[in-house]
Amino acid sequence: MEATEILMEEHRVIERVLAALETAASRLRSGEEISPAIFLQAAEFIKGFADGCHHKKEEGVLFPAMEAAGVPGEGGPIGVMLAEHQEGRHLTSAMRAAAERLAAGDVDARAELGRSALSYVALLRQHIAKEDSVLFPMAEHVLQGSAQSEVSGAIERVEQEETGEGLHERFLELAASIEKQAAE
291 MEATEILMEE HRVIERVLAA LETAASRLRS GEEISPAIFL QAAEFIKGFA
341 DGCHHKKEEG VLFPAMEAAG VPGEGGPIGV MLAEHQEGRH LTSAMRAAAE
391 RLAAGDVDAR AELGRSALSY VALLRQHIAK EDSVLFPMAE HVLQGSAQSE
441 VSGAIERVEQ EETGEGLHER FLELAASIEK QAAE
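Just so you know, we're using this note's numbering here: the sequence shown kicks off at 291 and counts up by one.
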């Protein structure tokens, strides 16, 4: 499987969590009682899967290979993606902090929790769209032959070495749990 196909499959899993997070945040903002645990679990998924597994493959393998093939790292699409990864980390941290405050009884944290969760959803949806429609086709164009094979192999190694036995499946289960809780 090509590197970009693996990354796009991971995007589909992330999008499932984004949809659930949007539902939970919308319910929270409409005044419904919703457990902060769903937001804490979403933050765990984001940190572990979206950032830990997925972004590690992009930042550690794909982007450097694209730069080596002549795509500028700063001022171009790679720079934009890296900045958005950083913004996603900031929003995830804000969401986690607000969820922890709400769990501790601070009802004033509801507004910040809803705002940070929905901001993260909006950021990631447009980020994924740009990667799927612009960056990944660009990668497929500049990474030909052995370069494509090397990137695909390196991404598969990251998957095996960094995610550990069964970790990918654990994140898929967590995504399903988040979806179920958001729908309840």
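Built from N, CA and C at the ideal position, the CB exists for glycine as well.
Determine the contact status of Phe339 and Ala465, defining contact as a CB-CB distance below 9 Å. yes
What residue does the alpha helix (DSSP H) around Gln331 start on, and which one ends it? Ala327 to Phe335
Using the C-alpha atoms, what's the distance from Gly350 back to Glu421? 16 Å
Applying the 10 Å Cβ sphere with the 16-neighbour rule, what's the burial state of Val424? exposed
Output the distance between the C-alpha atoms of Glu488 and Glu374, rounded to the nearest integer angstrom. Within the shown structure, residues of the chain are numbered from 291 to 474, placing residue 488 beyond reach of any answer.
Please report the residue range of the alpha helix (DSSP H) in which Ser383 lies. Pro367 to Ala393
Give me the Cα-Cα distance between Ala389 and Arg317, rounded to the nearest whole angstrom. 14 Å
Count the CB pairs spanning the segment 429 to 448 and the segment 390 to 402 that are closer than 8 Å, and state whether there are at least three. no
For the segment 378 to 392 against the segment 400 to 420, are there 3 or more C-beta pairs whose distance is under 8 Å? yes
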